[in-house]
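In UniProt numbering, the protein residues as written are 1 to 180. Yeah, the Cβ is synthetic: ideal placement off N, Cα and C, and Gly gets one too. As the structure is a computational prediction, the values presented were derived from the model and not from experiment. To start, the structure itself, in structure tokens.
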Amino acid sequence: MDNQIGEEFKRIRKERKMTLRELSEKSGLSVSFLSQVERGISTVTFTSLRKIAEALGVSVNFFFEPEEDTPIKKRSLKKSADQPNFTYTSLAGDLDQPKFTPARIELKAGESQTAPYSHQGEEFVYVLEGELKVMLEGHEEILYPHESLHIDSTKEHTWYNETDKPVVLLVVSTNEDGRD
1 MDNQIGEEFK
11 RIRKERKMTL
21 RELSEKSGLS
31 VSFLSQVERG
41 ISTVTFTSLR
51 KIAEALGVSV
61 NFFFEPEEDT
71 PIKKRSLKKS
81 ADQPNFTYTS
91 LAGDLDQPKF
101 TPARIELKAG
111 ESQTAPYSHQ
121 GEEFVYVLEG
131 ELKVMLEGHE
141 EILYPHESLH
151 IDSTKEHTWY
161 NETDKPVVLL
171 VVSTNEDGRD
């Protein structure tokens with residue numbers, strides 16, 4: 001497995017003088033899992049990566065290759081990060097403190113981290129392809145292509161792919177303080 005994400009989150013964690021136990025408490029993920037991700041032994045789902053990013057106080061975009069430095073930010077699928085469970089493509093521009101973060105996410109077949117969680121901000125999810133299972137405050141629903149969801153992220157939720165085909169999403173998220 002390409003361990004770029006694990007190495008990067010370890011670097012940030014150490015910069016913040018945070019132990020694995022502290023990161024575990026903030027993210028809700030086990031110490032052993034976080035340690036395995038840092039060492040490249042275990043893969044991370046998009047949901048887990050989002051929990052780690054939030055606990056470290058950075059955007060999910062932070063873990064992926066930056067675009068070239070120009071004033072006009074065109075986004076294409078060429079700069080995506082391909083992980084075993086998902087592909088993430090940032091569609092964000094070059095703003096210092098964006099109020100929202102757009103991304104194209106492909107959840108691979110069977111990507112099914114189903115433990116609900118909550119965090120600051122809002123999420124808008126639009127299904128481009130496939131079927132996305134959504135849980136919001138104990139209620140389950142399936143979103144099909146061209147259906148969307150806009151929620152207050154402080155409510156317990158999760159979304160995942162338990163089908164045998166990929167699900168492609170347009171996701172726009174924000175945090176209460178204007179940073180993602």
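| Query | Result |
| --- | --- |
| Tell me the DSSP secondary structure of L149 in three-state form. | strand |
| Put T47 into one of helix, strand or coil per three-state DSSP. | helix |
| Along the beta strand (DSSP E) that carries I105, what are the first and last residues, could you check? | T101 to L107 |
| With burial defined as no fewer than 16 other Cβ atoms inside 10 Å of the residue's Cβ, what is the status of K14: buried or exposed? | exposed |
| Please state if the CB of L56 and the CB of S35 are separated by a distance shorter than 8 Å. | no |
| I'd like the list of long-range same chain contacts for V171, defined as Cβ closer than 6 Å, with 5 residues on each side in sequence excluded. | A103, I105 and V125 |
| When the Cα atoms are used, what is the spatial distance from E156 to E162? | 19 Å |
| Taking the runs of the beta strand (DSSP E) that are 3 residues or longer, which of them lie wholly in the UniProt domain "HTH cro/C1-type" (9-63)? | none |
| Check whether the Cβ of S35 sits closer than 7 Å to any heavy atom of the ligand GTP, and report yes or no. | Of the ligands one can find in the structure shown there are none, so the ligand GTP has no counterpart to examine. |
| Under the assumption that S27 contacts I5 (Cβ atoms under 8 Å), give the Cβ distance between them as a whole number of angstroms. | 14 Å between Cβ atoms; not a contact. |
| Quick test of your reading: F33 and N85, contact by CB under 8 Å. State the CB separation rounded to the nearest angstrom. | Going by Cβ atoms, the distance from F33 to N85 rounds to 13 Å, so no, they are not a contact pair. |
| I'd like to know whether the C-beta atoms of V127 and H146 end up nearer to each other than 8 Å. | yes |
| Where do the N-terminal and C-terminal ends of the beta strand (DSSP E) with S173 fall, by residue? | V167 to T174 |
| Report the three-state DSSP secondary structure of E7 (helix, strand or coil). | helix |
| Over what stretch of residues does the beta strand (DSSP E) that includes T87 continue unbroken? | F86 to S90 |
| Per DSSP, what are the beta-bridge partners of L132 in this structure? | L143 |
| What's the gap between the Cα of H119 and the Cα of T154? | 5 Å |
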